[in-house]
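Data block below; observations after.
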Amino acid sequence: MPVDPTAPQPQAPKPRGIAILAKLLLVIAAVLALGEISWRLTGTRPVQGDLPAFAQYRRDIRNSSAAVALIGSSRVLCDIDPKILQHELPDRTVYQLGISGTSALPMLENLAQDQGFRGRVLCEFHLSYATDLSPFPERDAAEANWQRYVHFMNQRPYVDFVATWFTETLRPYSALVEAKDKDKDFAAAIMNSLKARLSHRAGTRDAVAPLADARPREDRFLALFHRGNDNSGDAAVWADLMRKGVKDPDDRMQHIAAWVDAIRSRGGDVIMLRMPVSGSLKDLEDQIYPSDAPFRFLADHKITLVDTTKEPTLNHFDCPDDSHLDAGDAEIFSAALGRILKDRRLLDSMPVAANRMPQ
Amino acid sequence: VTFTSPAFFLFLPLVFLAFRLAPARARWLVLLLASYVFYASFESLQLLATLAAITLISYAGGSQVARARNSGSPGSVLTISVLLCLTVLFVTKYLPHLPIAGHVPFLATIVSIGVSYYTFQAISYMIDIYLELQGPETHFGYFALYLAFFPKLLQGPIERGHDLLPQIQSPYRFDSDEIRSGLLLFAEGLFLKVVIAERLARYVNSVYDNVHSHSGLTLVLATYCYAVQIYCDFAGYTNMARGTARFFHLNVSENFNHPYAATSVTDFWRRWHISFSRWILDYIFKPLQLKWRTWGTWGVTSALLVTFLASGVWHGASWGFVIWGLLHGLYLAGGVLYRPYQKRLHAALGVARQKWYRTFQIFITFNLVSFAWIFFRANNVRDALYIVTHLANPSGWFPHKGLANFFSAQVLLGDHIRSAISLLLVLTVLLSGTHEWLRGLEQKPAVIKWPVYLALCYVIVMFGVWGNGARFVYFAF
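Each protein sequence line maps, in turn, to chains A and B.
Take 1 as the starting number for the first sequence in this note's numbering and just add one per residue.
Take 1001 as the starting number for the second sequence in this note's numbering and just add one per residue.
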């Protein structure tokens, strides 16, 4: 039978939307899986981000009278190892809430305002609190961190939801998310990985830098954001503090006393801790900061101070960068600090007598 | 939200889902709301207010121009409407850069992302009604969507009313081929942007943000890299915009056609930012040329100079853009004056159809365009003049120093392997024409095309530079 060339030719049915979607999802899944495998082959590992870790710790210290919160700047964050301190204080649970480059005071106020907080606070005491000369000028002037904070809280929640919540949630499970968020270069990672493997075979492994970046990031200031609805109270407190600032030193010290009283009124306590400094920074601090007034103030208000410059087991440490201990020294320092807290029972009960600073 | 931000990869499927589920008569509304949400993500109520103002002015202006055509004074209505639109553009884009802005704190908060694109669209709509190339759109929602459609809202293409409005009015029809080609276009654009443009940007920024530390070959390489970066950045955005629009059965026009394969600057402007060059050609150059037609060749050259000066000013309130526009005006005007001699010269030398001569023309054109990019990219005219005067610095051309700077620049390459990979990717895009190649791939058997799709996505994910830095160059305009 002759074929009619003008007759419409049967056409293959076009794929339906669901088929395209299925293929698309398959490609995405395959690419993500390959990406994950590739990054892991280079040695990159998923880690918990610093922000959710901070948020988790901040949540956990609520309603726990055994909690010990370490608050302060990078000196607290780097110099005190919470695990070692915990080992010395088995009845307590130690949480590292230090924030790089940030005064301890906003966090102290945050804890003072939190009705659920009943634990102890180991608070970095910086002599600048009693002066106009703050090493945290940006923060006290409500600049960088405050702006980031308010920007996120008030204006961009729907945008940053994906960028923070989504990636922070995936980060502990995905090397791909971790690598991309840190803007790691895959080509460089492959090269480093190959070098490491080759040098491992050649028996020169020590010459190669470690593959995985295991150190948590220290930008914990933003971590409060990650508490979502739960942080609305903190947000208001923090934003308000940063906005108004406490510029007058006397006013600031009175605030500190009030915050300590607020924590004590709920059964908690605050122990001030003067962190070690050395070299030119120590000379500078000795020169510009008052030597008597802050200590007198703490004594008058019966606030305990552990002054590392006067403790025989803490005053011999040297800070390589004048401001922070060497990592090895930090472990020894933490253990010595733990023993002081334990032996003098500084965390046991609210002080009723005079300042228990060693004479 | 931009095309490369994680939020967009949630936004687009959600909008598409809402679009598919919505009844046919409400689909325009879904797209319009999505477009406003997209624009609102830039956190400025003023931006939404600007879009609303331009929409209202041009909608009313278009209707009034059509009505005034019967009463006899459409020209004055058009003039008022266009001036109003230009006033909005001036206030949002230029006023914050004038000295007066220092005295008015509010002006410092003004942002102008996308404003010049939809303002030009609005102006072309009203002029086309005046020229009776199209009628006024009676449905306000369709018109608002024509201006605000989110894939082309921030960086164009600058769509004409008679191209896009009929598509918006026509009923939606699901076409799997369209979705597939849209996805492919989007992936291609993403590749250009995050794998090439962003990677090159690191090297370019490191040099251009500190030009006084460099000379000779480093400056030349950075300028060439910028030429490739801005192409991949803008063409990447356009591809992503076109790919996204296809999800909604809308065809957004092509903006680039291998611009660096142009054999003259005139040819370049037929291939680069096509929707914009068509706009300035139709609405600035042609009226001026008509007005100055009695001046002969000088009328054409004067019209070209004025047109490209306006083009430079359109890009921003900076002397760098003005000089860039003026340079292109001079190139084109020079081309017009040289053309009669060129024909004779070609005939005398017998090179007109020679392949090598065509390559030579492409090389010269690329260098002329790249030279103009120096003023476009440099942070200020002083930096640009430094680059121009130090391009030929002999000490900077010593291969050991210049090449070492390029190949060891940690920000871009880090080592020779990475430099080879990066350059290979760039050359692949420039020379092989991935666009046509990818289009052709759709017709290939599944066993060939799917591994290629997979490899493309893998390269985008693994070698792409993501994060906050991935902002498009043309957002600023």
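Just so it is clear, CB atoms sit at the ideal spot from N, CA and C, and this is done for glycine as well.
Does the region 62–72 of chain A touch the region 107–122 of chain A, meaning 3 or more C-beta pairs lie closer than 8 Å? yes
Do you know whose CA, among B:Ala-1053, B:Pro-1006 and B:Leu-1032, lies nearest B:Val-1015's CA? B:Leu-1032
DSSP three-state label for A:Val-121, please. strand
Nearest-angstrom beta carbon gap, B:Phe-1019 and B:Arg-1025 [assumed within contact, 8 Å]: Not confirmed; about 13 Å, so no contact.
Against chain A: residues of the region 1437–1464 of chain B by CB proximity under 7 Å: For the region 1437–1464 of chain B, the beta-carbon criterion of a distance under 7 Å to any beta-carbon of chain A is satisfied by Tyr-1453, Leu-1454, Cys-1457, Tyr-1458, Val-1461, Met-1462 and Phe-1463.
Closest to B:Phe-1248 by C-alpha separation, out of B:Tyr-1237, B:Ser-1176, B:Arg-1278 and B:Gly-1075, would be which residue? If we check each option's Cα against that of B:Phe-1248, B:Ser-1176 comes out closest.
Within 7 Å of any Cβ in chain A, is that where the Cβ of B:Pro-1399 sits? Below a pLDDT of 50, predicted positions are generally treated as unreliable, and B:Pro-1399, at 49, falls in that range; the measurement from the model is reported next regardless. B:Pro-1399 does not count as touching chain A.
What in chain B is Cβ-close to A:Leu-34, meaning under 7 Å? Tyr-1458
Extent of the continuous beta strand (DSSP E) run through A:Tyr-95: 93–96
N-terminal and C-terminal residue of the beta strand (DSSP E) that A:Met-275 is part of: Taken as a continuous stretch (DSSP letters only), A:Met-275 belongs to no beta strand (DSSP E), as it is neither H nor E.
Drop a sphere of 10 angstroms on the beta-carbon of A:Ser-291, count the other beta-carbons inside from all chains shown, and report buried for 16 or more, exposed for fewer. exposed
Under 7 Å, Cβ to Cβ, is there at least one residue of chain A near B:Ile-1158? no
Minimum Cβ-Cβ distance from B:Ser-1116 to chain A less than 7 Å: no
A:Leu-70 by DSSP, collapsed to three states: which one? strand
Could you check what DSSP says for A:Asn-231 in three-state terms: helix, strand or coil? With a pLDDT of 38 at A:Asn-231, under the threshold of 50, the predicted position of this residue should be treated as unreliable, and no value is reported.
Neighbouring residues, chain B, relative to A:Ser-38 (Cβ below 7 Å): Within chain B, the residues near A:Ser-38 are Met-1462.
Any C-beta of chain B sitting closer than 7 Å to the C-beta of A:Val-31? yes
Hey, is A:Val-27's beta-carbon within less than 7 Å of any beta-carbon in chain B? yes
Alpha-carbon to alpha-carbon, B:Asp-1163 and B:Phe-1149: 13 Å
If you draw a straight line from the C-alpha of B:Asn-1393 to the C-alpha of B:Leu-1217, how long is it? 8 Å
Round the Cβ separation of A:Ser-174 and A:Glu-36 to the nearest angstrom and send it over; I've been treating them as touching at under 8 Å. 6 Å
Secondary structure of A:Asp-213, DSSP reduced to three states: With a pLDDT of only 37 at A:Asp-213, under 50, the local geometry of the prediction cannot be trusted, and no value is derived from it.
Considering only their Cβ atoms, is the gap separating B:Ala-1066 from B:Pro-1136 smaller than 7 Å? yes
Rounded to whole angstroms, what's the CA-CA distance from A:Leu-26 to B:Phe-1376? Just pull it up for me. 43 Å
Decide if the region 1199–1214 of chain B is in contact with the region 1118–1130 of chain B; the criterion is three or more beta carbon pairs, one per stretch, under 8 Å apart. no
Between B:Ala-1197 and B:Cys-1232, is the Cβ-Cβ spacing less than 7 Å? Yes, the pair counts as a contact, with Cβ atoms nearer than the cut-off.
Quick one: measure Cβ to Cβ for B:His-1328 and B:Ala-1372, integer angstroms, because I've assumed they're closer than 8 Å. Contact holds; Cβ gap of about 6 Å.
Which partner residues of A:Val-306 appear in the DSSP bridge assignment? A:Leu-273
I'd like the list of long-range same chain contacts for A:Pro-157, defined as Cβ closer than 8 Å, with 5 residues on each side in sequence excluded. Residue confidence is low: A:Pro-157 scores 44 on pLDDT, short of 50, so the model does not pin down where it sits. Its coordinate-derived value is still stated next. So the list is empty, once near-sequence residues are dropped.
Endpoints, the alpha helix (DSSP H) within which B:Glu-1442 is located: Going by DSSP, B:Glu-1442 is part of no alpha helix (DSSP H) at all; its letter is neither H nor E.
4 or more residues per run - each alpha helix (DSSP H) lying fully within the region 1060–1086 of chain B: As far as the region 1060–1086 of chain B is concerned, it has no whole alpha helix (DSSP H) run of at least 4 residues.
Mind checking the region 169–194 of chain A against chain B and listing, in chain order, the residues whose C-beta falls within less than 8 Å of any C-beta there? Leu-176, Lys-180, Asp-181, Asp-183, Asp-185, Phe-186, Ala-187, Ala-188 and Met-191
Name, please, each residue of chain B whose Cβ falls closer than 7 Å to the Cβ of A:Leu-198. Contact annotation for A:Leu-198 against chain B: no contact, minimum CB-CB distance about 14 Å [criterion: below 7 Å].
Alpha carbon to alpha carbon, what distance is there between A:Val-76 and A:Lys-244? Note that A:Lys-244 has pLDDT 47, beneath the 50 cutoff, so the model's placement of it is unreliable and the number below is only indicative. So the two alpha carbons sit approximately 26 Å from each other.
CB contact flag (A:Glu-415, A:Arg-266, <7 Å): Residue 415 of chain A lies beyond the residue range present for chain A, which begins at 1 and ends at 359; the question has no answer from this structure.
Specify whether the region 1351–1371 of chain B and the region 1314–1321 of chain B touch according to this definition: at least 3 beta carbon pairs, one from each stretch, less than 8 Å apart. no
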